[in-house]
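In this note's numbering, the protein residues as written are 1017 to 1296. Worksheet: one structure, shown below.
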């Protein structure tokens, strides 16, 4: 924009920090685009395996969805299940899904990790004023999504968990203003586990973010989703890799809770990726 160029020229030549502060404070007051009432702007689902679970999730949707964003994490796997998953996702992208306006599939080289997949979903669709992010093995009881949408105000920084306690991040709604304030997920938790607790802590530490009461959904969601993660429960190879990566992620979380590591640290990403790979 010409105005931004003019302002940047003035600030660069005058070294006027006050102008920069006023500019960025003004941008912080911007509101996201309005969402259509009763329509879920963005549903994001990472998937490594378990095509049947994903199909059940899609069949359980009972509100209109603007964009379904799936992150296919099977790219480095050559087994028959992974090949079937990739074929099914290609068909879904081309043929569409009932009740969904747009289907998009991201295909990383391999398993990019949960935090990375969630970040890809949020960052790829900044026009979405709020997103529902769900595990591929979750199903939604009738009426839960409609009530969740009614509870969310996209014009406020809000978080809503559809499952209680330690399962809060199995299915959650996050407004764009919330992740704009808190930031994205820490990709050093790789490929899975502890990234949710880290983000929970950051949400709770932000006085601007509202953690909405999701108890209206919890009983029905728990009854419909009695299982924990099916990704590793149904794959002994991934379960073996997880035994190692889980503990390193746990150590990183404990380190982040104390001293200087409680702040955002830029380093360590290569080391975490290298040591915690799931090469299934």
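Quick reminder that beta carbons are idealized off the backbone N, C-alpha and C, glycines included. Computed from a predicted model, the values in this text were never measured in an experiment.
Helix, strand or coil at residue i according to DSSP, with G and I counted as helix
{"i": "residue 1227", "result": "strand"}
{"i": "residue 1153", "result": "coil"}
{"i": "residue 1030", "result": "helix"}
{"i": "residue 1189", "result": "strand"}
{"i": "residue 1273", "result": "coil"}
{"i": "residue 1060", "result": "strand"}
{"i": "residue 1299", "result": "There is no way to answer for residue 1299, as the model of the chain reaches only from 1017 to 1296."}
{"i": "residue 1067", "result": "helix"}
{"i": "residue 1261", "result": "helix"}
{"i": "residue 1237", "result": "helix"}
{"i": "residue 1037", "result": "helix"}
{"i": "residue 1053", "result": "coil"}
{"i": "residue 1046", "result": "coil"}
{"i": "residue 1242", "result": "coil"}
{"i": "residue 1170", "result": "coil"}
Other residues of its chain near residue i: CB distance less than 6 Å, five sequence neighbours each side excluded
{"i": "residue 1277", "result": "For residue 1277, the predicted model reports a pLDDT of 46, less than 50, meaning its position is unreliable; a value from the coordinates is still stated below. These residues qualify, in order along the chain: 1271."}
{"i": "residue 1058", "result": "1083, 1141, 1144, 1147"}
{"i": "residue 1109", "result": "1119, 1121"}
{"i": "residue 1177", "result": "1184, 1188, 1230"}
{"i": "residue 1171", "result": "1047"}
{"i": "residue 1027", "result": "1035, 1036"}
{"i": "residue 1358", "result": "No answer is possible for residue 1358: the residues shown for the chain start at 1017 and end at 1296."}
{"i": "residue 1087", "result": "1062, 1122, 1133, 1136"}
{"i": "residue 1092", "result": "1126"}
{"i": "residue 1139", "result": "none"}
{"i": "residue 1273", "result": "none"}
Short Cβ contact (8 Å threshold) for residue i with residue j
{"i": "residue 1137", "j": "residue 1208", "result": "no"}
{"i": "residue 1202", "j": "residue 1131", "result": "yes"}
{"i": "residue 1240", "j": "residue 1157", "result": "yes"}
{"i": "residue 1254", "j": "residue 1167", "result": "no"}
{"i": "residue 1190", "j": "residue 1079", "result": "no"}
{"i": "residue 1096", "j": "residue 1064", "result": "no"}
{"i": "residue 962", "j": "residue 1206", "result": "Absent from the structure is residue 962, since the part of the chain shown begins at 1017 and ends at 1296."}
{"i": "residue 1204", "j": "residue 1268", "result": "yes"}
{"i": "residue 1225", "j": "residue 1200", "result": "no"}
{"i": "residue 1160", "j": "residue 1115", "result": "no"}
{"i": "residue 1233", "j": "residue 1163", "result": "yes"}
{"i": "residue 1265", "j": "residue 1210", "result": "yes"}
{"i": "residue 1219", "j": "residue 1175", "result": "yes"}
Alpha-carbon spacing of residue i relative to residue j, whole angstroms
{"i": "residue 1031", "j": "residue 1019", "result": "17 Å"}
{"i": "residue 1221", "j": "residue 1060", "result": "25 Å"}
{"i": "residue 1125", "j": "residue 1153", "result": "22 Å"}
{"i": "residue 964", "j": "residue 1066", "result": "Because the chain in this structure spans residues 1017 to 1296, residue 964 falls outside the shown range and cannot be described."}
{"i": "residue 1029", "j": "residue 1023", "result": "10 Å"}
{"i": "residue 1252", "j": "residue 1258", "result": "10 Å"}
{"i": "residue 1169", "j": "residue 1101", "result": "35 Å"}
{"i": "residue 1296", "j": "residue 1127", "result": "Caution is warranted here: a pLDDT of 45 is assigned to residue 1296, below 50, making its placement in the model unreliable, and no coordinate value can be reported."}
{"i": "residue 1041", "j": "residue 1193", "result": "14 Å"}
{"i": "residue 1213", "j": "residue 1245", "result": "16 Å"}
{"i": "residue 1044", "j": "residue 1099", "result": "44 Å"}
{"i": "residue 1117", "j": "residue 1051", "result": "14 Å"}
{"i": "residue 1039", "j": "residue 1054", "result": "34 Å"}
{"i": "residue 1256", "j": "residue 1263", "result": "12 Å"}
{"i": "residue 1021", "j": "residue 1243", "result": "54 Å"}
{"i": "residue 1298", "j": "residue 1107", "result": "Outside the shown range of the chain, which is 1017 to 1296, sits residue 1298, and nothing can be said about it."}
{"i": "residue 1025", "j": "residue 1094", "result": "53 Å"}
{"i": "residue 1238", "j": "residue 1033", "result": "51 Å"}
{"i": "residue 1286", "j": "residue 1070", "result": "31 Å"}
Contacts around residue i, its chain only, beta-carbon distance under 7 Å, and the 5 residues preceding and following it disregarded
{"i": "residue 1155", "result": "1072, 1073, 1076, 1240, 1241"}
{"i": "residue 1173", "result": "1191, 1193, 1194, 1197, 1224, 1225, 1226"}
{"i": "residue 1049", "result": "1143, 1145"}
{"i": "residue 1217", "result": "none"}
Residues of its chain near residue i, where Cβ-Cβ distance is below 8 Å and the 5 sequence neighbours each way are ignored
{"i": "residue 1215", "result": "1185, 1198, 1201, 1202"}
Residue ranges of each beta strand (DSSP E) within the segment 1079-1166, 3 or longer: The beta strand (DSSP E) runs of length 3 or more contained entirely in the segment 1079-1166 are, from start to end of the chain, 1081-1088, 1116-1122, 1146-1150.
Continuous alpha helix (DSSP H) assignments of at least 4 residues falling wholly in the segment 1173-1218: Within the segment 1173-1218, the alpha helix (DSSP H) runs of at least 4 residues that lie entirely inside it are, in chain order, 1192-1198.
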